[in-house]
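Right, one structure below, let's go through it.
This is the structure:
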């Protein structure tokens, strides 16, 4: 494998692990917030959905860029 391929594989791993960590942290914070104040569930869920959408969009866009880089090399 070339150095270019190794760098792309490393970036791909980071592109997948980054949003996965964000999803785990958001999930933990959601459970903690709902445990403290269950009546705020609608507001909490709105924020959680937005954060998850942004995390997944970042992951998808970064993977698309990486696939383009793999195809061009």
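Numbering (the working numbering), first residue to last: 339 to 411. In this text, a Cβ means the ideal position worked out from N, Cα and C, and glycines have one as well.
**Asked** Using CA coordinates, which residue listed in 344, 383, 353 is at the minimum distance from residue 333?
**Response** Nothing in the structure corresponds to residue 333, since the chain is present only between 339 and 411.
**Asked** Skipping 5 residues on each side, what residues in its chain have a beta carbon closer than 7 Å to that of residue 372?
**Response** Setting aside the 5 residues that flank it on each side, residue 372 is surrounded in the same chain by 379, 382, each with a C-beta closer than 7 Å to its C-beta; the list follows chain order.
**Prompt:** For the segment 360-377 against the segment 385-396, are there 3 or more C-beta pairs whose distance is under 8 Å?
**Reply:** Touching, per the Cβ criterion.
**Request:** Please state whether DSSP places residue 368 in a helix, a strand or coil.
**Result:** DSSP places residue 368 in helix when its eight states are reduced to three.
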